[in-house]
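Going by my numbering, the first residue of the sequence shown is number 7, and it counts up by one from there. Glycine included, every Cβ here is placed at the ideal spot set by N, Cα and C. Predicted model only: the values in this text are computed from it and were never measured.
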Amino acid sequence: MTRNDVTELIITHKLRKQLTWPQLADAIGMSKEWTTAALLGQMTLSAEQAGRIGAMLELPAEAIEQLQVVPYKGSLPTAVPTDPLIYRFYELINVYGTTFKALIHEEFGDGIMSAIDFNMDIQREPDPKGDRVKIMMSGKFLPYKSY
């Protein structure tokens, strides 16, 4: 069983059991964002977390073991994503990437925002013209070192 097989099994069992990502996150004491990434194959679960998820979703032992293996991160199948929602993030970076870079460098100096020491929160924001998606991302600033 590959990690991709486990992801497909998780999605199938989640739907069959009518569970939500927040419910699965609550079961392991993590955020819905981190838990979703983990269950879609991008993070590593502890033995305890994998066991809890496995029990909730009635996963086989081999799947529970796979949840504890460090994954190959970055699962998009093509250089330019074709899924419309994911593509909008690609488009966002194409349009605003240089703005993010300029403003971060001006404020913090030469460096990067960590995607390892990182938090994310996704919320629905009611709006009379149509609800909005609010995404908050917070990553530790890591300056480049001189040597």
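Do you know whose CA, among K140, M7 and L148, lies nearest I70's CA? The closest CA to that of I70, considering only K140, M7 and L148, is found on M7.
Roughly how many angstroms separate the alpha carbons of I16 and Y153, rounded to a whole number? The alpha-carbon atoms of I16 and Y153 are separated by roughly 46 Å.
How is the beta strand (DSSP E) around G145 delimited, first residue to last? For G145, the uninterrupted beta strand (DSSP E) run begins and ends at R138 to P149, by DSSP.
Looking only at DSSP bridge pairs, what is I59 linked to? Looking at the DSSP assignment, I59 forms no beta bridge with any residue, so it has no partner.
Note the first and the last residue of the continuous alpha helix (DSSP H) segment covering A33. It spans W27 to I34 - the alpha helix (DSSP H) in which A33 sits, taken as one unbroken run.
Which residues bound the alpha helix (DSSP H) around D11? Judged by DSSP secondary structure, D11 falls within the alpha helix (DSSP H) whose first and last residues are R9 to R22.
Element boundaries [alpha helix (DSSP H), containing E64]: Segment: none, E64 is in no alpha helix (DSSP H) and carries neither H nor E.
Between which two residues does the alpha helix (DSSP H) containing G80 stretch? Element bounds for G80: n/a, residue is neither H nor E.
Which same chain residues end up closer than 6 Å to A44 when comparing Cβ atoms and leaving out the 5 residues on each side of it in sequence? Around A44, the same chain offers L51 as residues with beta carbons nearer than 6 Å, after the five sequence neighbours per side are excluded.
Please state whether DSSP places Q74 in a helix, a strand or coil. Coil, per DSSP.
Pick from Q48, R138 and A33: whose alpha carbon is nearest that of P77? Scanning Q48, R138 and A33 for the CA closest to the CA of P77 turns up Q48.
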